[in-house]
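S.K.: Structure below; questions to follow.
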Amino acid sequence: MRLLILGGTAWLGSHLVEAALTSGHEVTCLARGTTSDARPGAKLVRADRNLPNAYDEVIGQHFDAVIDVSRQPGHVQGASLALSEFCNTFVFVSSASVYADHERLDQDERAAVLPPLRAQVMESMDQYGHAKVACEQHVLATFGANRTFIVRAGLIGGPGDESDRTGYWPLRFAKAAESGRPVLIPDAPELSTQVIDVRDLAGWIINRACAAEMGIFNATGETKSLEELIETARVVGAHDGAVVRASSAWLLEQGVAPWMGHRSLPLWLPMEDHAGFGARDSSAAVKAGLSRRSLEATLRDTLHWELSRRPAPAVRRAGLSDVDQASLLAALAA
Ligand SMILES: NC(=O)c1ccc[n+]([C@@H]2O[C@H](COP(=O)([O-])OP(=O)(O)OC[C@H]3O[C@@H](n4cnc5c(N)ncnc54)[C@H](OP(=O)(O)O)[C@@H]3O)[C@@H](O)[C@H]2O)c1
């Protein structure tokens with residue numbers, strides 16, 4: 019197959035390129051090339067999608083599928099209009115953030131989505147879900163449902179996760195196994211989480227890119243309790259020392275951030291209106307061939323990547339620093 023990947027130079031994008039090349043496809047990426055070059059074996063067309071002539075170099079060539087990872091409605095609208103005549107199918111990497119309700123568990127693709135962003139440019143991450151809805155609608159309006167494959171990904175994890183969310187727990191336990199210090203974890207047995215390995219997601223998208231049956235699919239990791247994920251990270255980090263539990267209410271009082279970011283406990287989402295965020299129904303994708311490696315394999319490979327990162331990040335994007343964890347443990351003990 020001839021594939022055009024709009025992006026292809028960042029994290030998921032480069033795994034899409036690798037999966038496509040491994041399957042013997044011919045790959046062209048279109049990006050500015052500021053994030054990185056395309057992987058060897060793929061052709062990189064340098065273009066800025068903010069400019070009106072962005073697709074000139076690929077217009078007129080035939081592609082079996084175009085795959086887009088953008089979050090900017092203007093980019094996706096421009097690409098679908100420019101490429102509709104030259105590409106059989108449009109694969110859009112969307113997000114579970116398109117959904118309006120994150121409270122109920124086990125919702126499938128029929129759940130209501132947010133109103134679309136009307137602007138062409140998403141200005142802040144607060145607009146992310148709305149922007150992805152607008153992107154989906156632009157593709158569907160131009161390519162039609164029979165030529166559109168929309169993948170609503172849940173949290174993506176695995177080696178290379180520079181959001182530092184999936185690496186936090188195995189790395190925290192591995193460091194504690196060395197230092198003998200305890201690890202602070204949330205006491206929240208009711209919470210669930212889903213992590214889809216970036217390699218499984220990329221492989222499935224490439225396999226499905228030219229399938230006869232298109233459609234809209236949730237693509238998440240298996241639903242696990244957050245406790246099970248943390249315990250798996252503990253096994254992967256070879257930790258058998260002390261673990262200290264703190265209630266969600268206490269952690270929130272201390273200003274610990276849920277989910278991600280500075281001074282957070284990654285993947286911990288204690289808000290009732292987000293109870294279903296880690297429990298979406300991806301059974302349609304599984305029936306359509308999505309195969310997911312074990313969580314242990316994902317966390318093990320992520321830890322390996324974390325330990326070999328050179329240079330290691332001076333400040334991590336998610337999690338508690340050693341100092342933050344120590345002061346929280348001291349406050350809890352007092
Ligand atoms: N991380 C998660 O947990 C999660 C969850 C659900 C869904 N998702 C979705 O998964 C996808 C992740 O994709 P990704 O890892 O490949 O990262 P990304 O950061 O979304 O990639 C953006 C790509 O677009 C290119 N690009 C950006 N601006 C451009 C412009 N003006 N002109 C041309 N190219 C431009 C970038 O390359 P250059 O900078 O070189 O131009 C890069 O290759 C996204 O669709 C995201 O919304 C992520």
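Numbering (this note's numbering), first residue to last: 19 to 352.
Yeah, the Cβ is synthetic: ideal placement off N, Cα and C, and Gly gets one too.
Values in this document were obtained by computation on a predicted structure and should not be read as measured data.
May I have the straight-line CA-CA distance separating Y146 from E154, to the nearest angstrom?
M.R.: Rounded to whole angstroms, Y146 to E154 spans 12 Å at the Cα level.
S.K.: Quick check: the segment 217-236 against the segment 247-266, are there 3 or more CB pairs under 8 Å?
M.R.: They do not touch, by the three-pair rule.
S.K.: Tell me R64's beta-bridge partners as DSSP assigns them.
M.R.: Partner(s): A49.
S.K.: Once you ignore the five residues that flank H156 on each side, which residues in its own chain have a CB closer than 7 Å to its CB?
M.R.: Here the set comprises P91, V94, Q95 and S98.
S.K.: Short check: CB of T211 to CB of G307, under 8 Å?
M.R.: Not in contact: T211 and G307 (Cβ atoms no closer than 8 Å).
S.K.: For N164, which residues of its own chain have a beta-carbon under 7 Å away from its beta-carbon, when the five flanking residues on both sides are left out?
M.R.: Result list for N164: M232, in chain order.
S.K.: At a cut of 8 Å, does the segment 129-147 reach the segment 56-63 through at least three beta carbon pairs?
M.R.: Flag = no, the segment 129-147 and the segment 56-63 do not touch.
S.K.: Taking the straight line between their C-alpha atoms, what separation do you get for R122 and G78?
M.R.: For R122 and G78, the distance between alpha carbons rounds to 46 Å.
S.K.: Under three-state DSSP, which class holds I168?
M.R.: Of the three classes helix, strand and coil, the one that applies to I168 here is strand, per DSSP.
S.K.: Within 10 angstroms of its Cβ, does L346 collect 16 or more other Cβ (buried), or is it exposed?
M.R.: It counts as buried.
S.K.: The alpha helix (DSSP H) that contains G233, what's its start and end?
M.R.: Per DSSP, G233 belongs to no alpha helix (DSSP H); it is in the beta strand (DSSP E), G233 to A237.
S.K.: Within its chain, find whatever has a CB closer than 7 Å to the CB of S115; leave out the 5 residues flanking it on each side and keep chain order.
M.R.: These residues qualify, in order along the chain: Y146, G147 and K150.
S.K.: Does the separation of the CB atoms of L317 and P188 fall below 8 Å?
M.R.: Taking 8 Å as the Cβ cut-off, L317 and P188 qualify as a contacting pair.
S.K.: Count the C-beta pairs between the segment 22-34 and the segment 214-232 that are closer than 8 Å, then say yes if the count reaches three, no if not.
M.R.: With a cut-off of 8 Å, the segment 214-232 and the segment 22-34 count as touching, because enough Cβ pairs lie within range.
S.K.: Please determine whether the Cβ atom of L173 lies at a distance below 7 Å from any heavy atom of ligand 1.
M.R.: Flag set: Cβ of L173 near ligand 1.
S.K.: Suppose you measure from the CA of Q138 to the CA of A192; what does that come to, to the nearest Å?
M.R.: Roughly 44 Å separates the two Cα atoms.
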